[in-house]
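Asker:
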Amino acid sequence: MTIMAISKPVLFIGGGLALIVVVAISGQDRESSASSPTGCQVVVTADVLNARDAPGGQKIVGKYVKDAKIDAQPVVENGFRKIAEGKWVSAEFAPPVEGAKCGP
Numbered sequence: 001m002t003i004m005a006i007s008k009p010v011l012f013i014g015g016g017l018a019l020i021v022v023v024a025i026s027g028q029d030r031e032s033s034a035s036s037p038t039g040c041q042v043v044v045t046a047d048v049l050n051a052r053d054a055p056g057g058q059k060i061v062g063k064y065v066k067d068a069k070i071d072a073q074p075v076v077e078n079g080f081r082k083i084a085e086g087k088w089v090s091a092e093f094a095p096p097v098e099g100a101k102c103g104p
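Going by full-length UniProt numbering, the sequence shown wraps up at 104, each residue one higher than the last.
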């Protein structure tokens, strides 16, 4: 059995790039509800939540990671919450944060 050795610089660079990607993704769309123009903000409860082009749409137009806080609209259709024009997420995995004004 042959074991392939990977040099320390390669491991260091690869690990650094992976860390940058994780930080960039996890920080995506994190803002306070006070800065939300609609007062509606949700938090992602799934490990990864796909944003769709329409309520129940097939086309994925974005992704959010667990615990990301997202500014949203106070609109829910067919179980999907509107995040922005052409961007919807499953309301089941994006409940409003405490104190958010997301409607009934």
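Glycine included, each C-beta is placed from N, C-alpha and C at the ideal position.
1. To the nearest angstrom, how far is the alpha carbon of D71 from that of A91?
2. If you draw a straight line from the C-alpha of V97 to the C-alpha of G39, how long is it?
3. For V76, which option in K66, A68, V89 has the closest C-alpha, if you only look at C-alpha atoms?
4. Do D67 and V61 have their C-beta atoms within less than 8 Å of each other?
5. How big is the Cα-Cα spacing for D47 and P95?
Answerer: Quick answer:
1. As a working note, residue 71 is residue 71 in the sequence shown. As a working note, residue 91 is residue 91 in the sequence shown. Spanning the two alpha carbons is a distance of roughly 13 Å.
2. Position 97 of the sequence shown, counting from 1, holds the residue named residue 97. Position 39 of the sequence shown, counting from 1, holds the residue named residue 39. Each residue's Cα considered, the two are about 10 Å apart.
3. As a first step, residue 76 must be located in the sequence shown, where it is residue number 76. For V76, the nearest C-alpha among the options comes from V89.
4. Position 67 of the sequence shown holds residue 67. Position 61 of the sequence shown holds residue 61. Contact: no.
5. As a first step, residue 47 must be located in the sequence shown, where it is residue number 47. As a first step, residue 95 must be located in the sequence shown, where it is residue number 95. Between D47 and P95, the alpha-carbon positions lie close to 14 Å from each other.
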